[in-house]
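The opening residue of the sequence shown carries number 1 in full-length UniProt numbering; numbering runs sequentially from there.
Idealized CB from N, CA, C, for every residue including glycine.
Values in this document were obtained by computation on a predicted structure and should not be read as measured data.
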Amino acid sequence: MRLSAQTPLPVSVQVPDYDRADQKPGIVHIGIGAFHRAHQALYTDAAMGAGDRDWGIIGVSLRSGDVAAQLNPQDGLYTVSRRSAAGTGVRLIGAVQKVIVAADAPQAVVDAIAAPATHIVSFTVTEKGYLRGPGGSLDLDAARGSSSLYRFVGAGLAARKAAGLPGPTLLSCDNLAGNGAVLKALMRQYLLADHSGLIDWFDRECRCPATMVDRIVPATTDADRAAVEAALGVRDEGAVVTEGFSQWVIEDDFAGPRPFWEKVGAELVDDVAPYETAKLRMLNGAHSALAYIGLGRGHEFVHQAIADPAIRPVIERLMRHEAAPTIDAASGQDLSAYADALLDRFANPALHHRLIQIAMDGSQKIPQRWLETLAWHQARGEHCPSLEAAVAAWIDFLRSDRPIDDPLAAPLKAAAAGADAARRIFGPTGPIASPWRP
Ligand code: CS2
Numbered sequence: 001m002r003l004s005a006q007t008p009l010p011v012s013v014q015v016p017d018y019d020r021a022d023q024k025p026g027i028v029h030i031g032i033g034a035f036h037r038a039h040q041a042l043y044t045d046a047a048m049g050a051g052d053r054d055w056g057i058i059g060v061s062l063r064s065g066d067v068a069a070q071l072n073p074q075d076g077l078y079t080v081s082r083r084s085a086a087g088t089g090v091r092l093i094g095a096v097q098k099v100i101v102a103a104d105a106p107q108a109v110v111d112a113i114a115a116p117a118t119h120i121v122s123f124t125v126t127e128k129g130y131l132r133g134p135g136g137s138l139d140l141d142a143a144r145g146s147s148s149l150y151r152f153v154g155a156g157l158a159a160r161k162a163a164g165l166p167g168p169t170l171l172s173c174d175n176l177a178g179n180g181a182v183l184k185a186l187m188r189q190y191l192l193a194d195h196s197g198l199i200d201w202f203d204r205e206c207r208c209p210a211t212m213v214d215r216i217v218p219a220t221t222d223a224d225r226a227a228v229e230a231a232l233g234v235r236d237e238g239a240v241v242t243e244g245f246s247q248w249v250i251e252d253d254f255a256g257p258r259p260f261w262e263k264v265g266a267e268l269v270d271d272v273a274p275y276e277t278a279k280l281r282m283l284n285g286a287h288s289a290l291a292y293i294g295l296g297r298g299h300e301f302v303h304q305a306i307a308d309p310a311i312r313p314v315i316e317r318l319m320r321h322e323a324a325p326t327i328d329a330a331s332g333q334d335l336s337a338y339a340d341a342l343l344d345r346f347a348n349p350a351l352h353h354r355l356i357q358i359a360m361d362g363s364q365k366i367p368q369r370w371l372e373t374l375a376w377h378q379a380r381g382e383h384c385p386s387l388e389a390a391v392a393a394w395i396d397f398l399r400s401d402r403p404i405d406d407p408l409a410a411p412l413k414a415a416a417a418g419a420d421a422a423r424r425i426f427g428p429t430g431p432i433a434s435p436w437r438p
């Protein structure tokens with residue numbers, strides 16, 4: 001039996017305790033993958049459960065029809081399973097109302113953004129979805145392409161202005177340093193090129209708050225879907241599996257109304273930077289290092305790599321002695337406790353988080369995860385043995401026979417093939433000593 005609004009579920013499953021049919025959509029979310037469904041959609045569902053109203057989510061997939069095929073026949077419903085060594089908790093999420101595939105129905109996306117009830121357009125399009133060219137500015141040719149977020153948002157904003165509607169908040173929920181400011185700058189570049197009459201209105205009406213988003217969400221596998229079906233007696237094609245931990249820090253700078261996410265666990269703050277920098281350099285920096293070093297040593301999952309006695313001290317050092325000193329902590333932010341918590345999260349044996357999933361798109365991830373930390377120490381004449389080992393492992397990964405899933409795969413493979421000199425500088429992967437270490 002397929003999950004839908006009519007399907008009975010075991011009483012252990014937490015279900016939406018608000019009238020789904022009575023909620024207007026208030027959010028258009030572009031890039032409705034597993035991460036959004038286990039994170040922002042869950043906070044929004046909780047806010048409506050706590051009495052907030054009209055924050056239904058219209059999900060948009062820019063390319064693939066997979067999520068629409070999973071969720072639309074299920075009335076937008078799906079389950080989130082939180083897995084830890086202690087067991088699994090399951091929750092049914094009702095916030096998503098439908099999923100539009102932009103490639104099939106482009107005007108429906110523009111209409112959703114332009115709808116009077118829409119106050120927020122949010123994004124999880126991954127690092128490469130921002131279509132930055134060399135130097136970080138917008139790749140205008142790509143931004144004019146059919147699966148570009150900029151085209152849809154530009155057309156939606158134009159329709160709002162023409163209708164005399166207020167501008168929405170554009171909320172980036174991707175792992176970029178300064179994600180709000182990056183989105184704003186790129187959106188302005190696009191508007192200046194293709195909708196120059198909108199730029200003053202955009203500056204006056206719209207806001208692009210920064211966010212720090214954190215929850216480890218492995219790609220759902222067939223085995224996960226089978227386990228959910230065995231536990232619930234219902235087939236959920238849209239199931240997502242995640243850890244218990246979740247954090248969302250949001251800059252409190254919205255163009256108009258927003259859900260009261262702070263009542264259901266999100267932190268609304270003036271300055272996201274210390275949280276975001278810590279998360280990118282410590283969590284994500286450690287993750288990418290675990291991925292390349294771990295794959296090089298024959299591991300498949302994060303929990304296996306962090307249990308490897310040759311790897312764990314490298315990751316501890318990366319977080320505590322290389323990344324943490326570069327971060328200006330906010331008051332009350334304890335980076336040592338953060339590192340402890342991250343080590344526990346990485347060790348979660350129930351999650352089965354594949355290293356190869358983290359290893360993809362290295363060219364897009366490594367700048368904010370490793371290079372800023374390396375540059376900070378380099379400016380002080382210091383070395384980073386752990387990050388140097390991670391770079392060496394990345395070069396080895398690029399030189400291996402594995403398929404490289406990265407928009408810059410071809411130039412990276414070519415550079416890595418000729419990287420003997422760099423490879424010598426960065427030293428061998430393995431129980432990891434840098435020749436740079438004094
Ligand atoms: C991971 C992230 O795939 C990756 O690159 O590092 O998705 C990570 O799991 C999340 O950012 C955790 O919040």
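- In this structure, the ligand CS2 has a non-hydrogen atom nearer than 7 Å to the beta-carbon of VAL213.
- Using a Cβ distance threshold of 8 Å, ALA102 and PHE35 do not count as a contacting pair.
- Taking all protein chains shown into account, GLY133 has fewer than 16 neighbouring C-beta atoms within 10 Å of its C-beta and is therefore exposed.
- In this structure, GLN357 has its CB closer than 7 Å to one or more heavy atoms of the ligand CS2.
- In this structure, the beta-carbon distance from ALA359 to TYR292 falls below 8 Å.
- The three-state reading of DSSP puts GLU316 in helix, counting H, G and I together.
- For TRP370, no beta strand (DSSP E) run applies, since DSSP gives it neither H nor E.
- In this structure, DSSP gives GLY381 a state outside helix and strand, which the three-state scheme calls coil.
- As the crow flies, the alpha-carbon of TRP376 is around 30 Å from that of PHE301.
- In summary, LYS263 is exposed, with fewer than 16 beta-carbon neighbours lying within 10 Å of its beta-carbon over all protein chains present.
- For MET1, there is no enclosing beta strand (DSSP E), as DSSP marks it with neither H nor E.
- Taking every protein chain shown into account, the CB of ALA163 has fewer than 16 other CB atoms within 10 angstroms, so this residue is exposed.
- Rounded to the nearest angstrom, the gap between the Cα atoms of LEU355 and GLN333 is 28 Å.
- Here DSSP, grouped into helix, strand and coil, assigns VAL153 to helix.
- Fewer than three Cβ pairs drawn from the segment 222-240 and the segment 201-213 lie within less than 8 Å of each other, which leaves the two stretches out of contact.
- The closest heavy atom of the ligand CS2 lies 7 Å or more from the beta carbon of ILE404.
- In the DSSP assignment, THR79 forms a beta bridge with LEU92.
- In the three-state reduction of the DSSP assignment, MET212 falls in the strand class, which pools E and B.
- Counted as a single uninterrupted DSSP element, the beta strand (DSSP E) harbouring GLN247 occupies residues 247-251.
- Around the beta carbon of ASP52, a 10 Å sphere encloses 16 or more other beta carbons of the protein chains shown; the residue is thus reported as buried.
- Distances taken from the Cβ of LYS128 to the heavy atoms of the ligand CS2 include none shorter than 7 Å.
- Counted as a single uninterrupted DSSP element, the stretch harbouring ILE404 is not any beta strand (DSSP E), since DSSP gives it neither H nor E.
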